[in-house]
Each structure stands twice: as C-alpha cells, then as structure tokens.
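J.: Numbering (our numbering), first residue to last: 33 to 254.
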Ligand code: ADE
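Okay, here's the thing in structure tokens:
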C-alpha cells in the first residue's frame, strides 16, 4: 500500500512516522508513506496557499489550485482520495478494514478556517474522526494511517488484531500479566488454569459484559 499525505505542516508527521510499529512497517515495505507540503504546489511567488473567504467571515480559506495541482501530480487510476473534515462520515474500525484493501490512498488535511468548497469535487470520501473540531486534518490523518497500517498483513501478528475491541462490535476482554497478585488484586483463576476452552468461554463472557456496561449501542448493532 502507498499513502500520500497533503499537509501544510509536514513536520507534525515526523515523530509519528519515526517510532514503533509505523516506522517498522515503512522499513519493511509493508507501506510507503510520503508527506507532501501543499505549499510546494503553490505557483504564487510567496507560496501563498490561502486567502480571505468571499462573502466575509473570520479566517482564511485554503485555495483550490495548490490542492488540485497536487492531486493531478499524485493521482493514479487506483488512487482513493480522502478529505479529513469534521463534516465527513464518522470513522470506525470497519472503515479501517475497508481501507486496507486500497492500493493507494491520498489524504488531504484541511487547515485554517476551511477549504474552498470546490476541493470536495476531488475526493472519494470525507472522513471525520469524531464530533469535535481540531485545528486541522493532520491528527485525523495520523489516526487513519495508524489504524489502517496495523491491519496490513505482516505488520503485527494477526491474532493481536483479530481480538481487537470493535471486531464483532464487541469491546476487548481484560488481560493480565505478572505478578499473579498485586496490591491485593488477583489474576482471575481461570486464566491460570491452563484450561483453554474455559479461558475462551470466560473471555467471550467478559466481552459481552464489558460491551453491555460501557457501549450498549454496539450490542444493538451486532
Ligand atoms: N479536521 C478538524 N477536525 C476534524 C475531525 N474531527 N475529523 C477530521 N478532520 C478534522
């Protein structure tokens, strides 16, 4: 998979791409991620990318030309173009799985007060990561990249994401490690029993209990 990101703040991605699982996935060629500065696509002599909005109102609006030119440059027949915006469809795990099937994703990060409405005509999907407004699409696009890349075959072991929260619309079961007792809190006996079938049964019960207590809305979906 290849991912191209269009942003006005490429430095925001540095730590994210150079640590842990995402770094390893890039190094092992499970994914190729390129960060592009929208400003590099501006033809203006001062590399201007935004202007005041027609009709008045506070703040600057991202102009269409740098984004159209960047997409012209990067888009191939199999590209899937996503705009990060609070007006998009709400992101979830099932959408993350759908995106793992794409060969090439272009993520467009909006910033400032907004972007020229004509930019919307370029995209296949608009994604919001939740009902709150961030200063730009950079963090949302990292959320999308992180959640998709960990699902790509070979990035983490399959068993670890097959039991993730939200698969089957259920939250994950509780896990424990050493010591067997800590400050009076004991690891449940069943996990120390070595009885595989009982462990599976207990985990399933815990998933149902947790989901019922914390996210009854998910149970309605399943
Ligand atoms: N840009 C600003 N806020 C956002 C959000 N919640 N989701 C996606 N993009 C955004």
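Even glycine gets a Cβ: it sits at the ideal position worked out from N, Cα and C. All of these numbers come straight from a predicted model, not from anything done at the bench.
Buried or exposed: which applies to residue 203, given that a residue is buried once 16 or more other Cβ atoms fall within 10 Å of its Cβ?
T.: With 16 or more Cβ atoms within 10 Å of its Cβ, residue 203 is classed as buried.
J.: State the Cα-Cα distance for the pair residue 140 and residue 178, rounded to the nearest angstrom.
T.: Taking the straight line joining both Cα atoms gives about 16 angstroms.
J.: Is any non-hydrogen atom of the ligand ADE found closer than 8 angstroms to the C-beta of residue 168, if you look at the structure I gave you?
T.: Residue 168: yes, Cβ under 8 angstroms from the ligand ADE.
J.: Does the distance from the CB of residue 103 to the CB of residue 40 come in under 9 angstroms?
T.: Taking 9 angstroms as the Cβ cut-off, residue 103 and residue 40 do not qualify as a contacting pair.
J.: Any contact between the segment 94–113 and the segment 181–192? By contact I mean 3 or more CB pairs, one from each, below 8 angstroms.
T.: Short answer: they don't touch.
J.: Say the cut is 8 angstroms; is the CB of residue 93 nearer than that to a heavy atom of the ligand FAD?
T.: With respect to small molecules bound, the structure shown includes the ligand ADE and not the ligand FAD.
J.: Around the Cβ of residue 243, are there at least 16 other Cβ atoms within 10 angstroms (buried) or fewer (exposed)?
T.: With 16 or more other Cβ atoms within 10 Å, it is buried.
J.: Could you give the residue range of the alpha helix (DSSP H) that holds residue 249?
T.: Where residue 249 is concerned, the enclosing alpha helix (DSSP H) stretches over 248–253.
J.: In whole angstroms, give me the CA-to-CA distance for residue 77 and residue 142.
T.: Residue 77 and residue 142: Cα-Cα distance of roughly 22 angstroms.
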